[in-house]
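Asks: The sequence shown begins at 1 in this note's numbering and counts up by one.
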Amino acid sequence: FDNYVSHELEPVLLHQAGELLRRGGEWVVIEDIPFPGGQIDLLIGAPQDTGVLLVQAKGNLPPQGSRLTERLTDRIREGIRQIERFADLDEAQQRKVVETALGRHVAVLSVHHAILARSCFGAPE
Numbered sequence: 001f002d003n004y005v006s007h008e009l010e011p012v013l014l015h016q017a018g019e020l021l022r023r024g025g026e027w028v029v030i031e032d033i034p035f036p037g038g039q040i041d042l043l044i045g046a047p048q049d050t051g052v053l054l055v056q057a058k059g060n061l062p063p064q065g066s067r068l069t070e071r072l073t074d075r076i077r078e079g080i081r082q083i084e085r086f087a088d089l090d091e092a093q094q095r096k097v098v099e100t101a102l103g104r105h106v107a108v109l110s111v112h113h114a115i116l117a118r119s120c121f122g123a124p125e
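Laid out in structure tokens, this is it:
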């Protein structure tokens, strides 16, 4: 499974989400944006808007039983840590990452975060 399937789950999820967004309007959709200490899986914005949605994707199989549920929870926690690493960057670093990805200046940057997965998820915390 690890050798033939698991490494394809996240790229396929990102591609499918990007295609849906591109068909639904004039969204700017950019994949795989590196930043100091991590990577943004998907940046979504509008061509002239100051807000961006930074998405951490976690490709997974829908959980069947406690072991897969725990694995999904671990992956979501990993996504939250990635979001926290970006949030820990100072505003100038965040701006540089986003503006470089968009290829334009953003006057007043408004950043929002999300986690993308194929199934519901949650944990006590």
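Glycine included, every Cβ here is placed at the ideal spot set by N, Cα and C.
None of the values given here were measured: they were computed from a predicted structure.
Using 8 Å as the threshold, is the C-beta distance between Gly51 and Gly45 below it?
Replies: yes
Asks: What three-state label does DSSP hand Gln93 in the structure shown?
Replies: helix
Asks: Are the segment 113-123 and the segment 60-77 in contact at 8 Å, needing three or more beta carbon pairs?
Replies: Flag = yes, the segment 113-123 and the segment 60-77 touch.
Asks: Mapping the DSSP letters down to three states, classify Pro34 as helix, strand or coil.
Replies: strand
Asks: Would you check if the distance between the CB atom of Leu72 and the CB atom of Arg95 is smaller than 8 Å?
Replies: no
Asks: Between which residues of its own chain and Arg22 is the CB-CB distance below 8 Å, once the five residues before and five after are set aside?
Replies: Val29
Asks: Quick one: is Val12 buried, meaning 16 or more other Cβ sit within 10 Å of its Cβ, or exposed?
Replies: exposed
Asks: Near Pro36, which residues of its chain fall below 6 Å by C-beta distance, leaving aside the five closest residues on each side in sequence?
Replies: none
Asks: Name the residue from Glu31, Leu68 and Leu61 whose alpha carbon lies nearest to the alpha carbon of Leu9.
Replies: The shortest CA-to-CA distance from Leu9 to any of Glu31, Leu68 and Leu61 is the one to Leu61.
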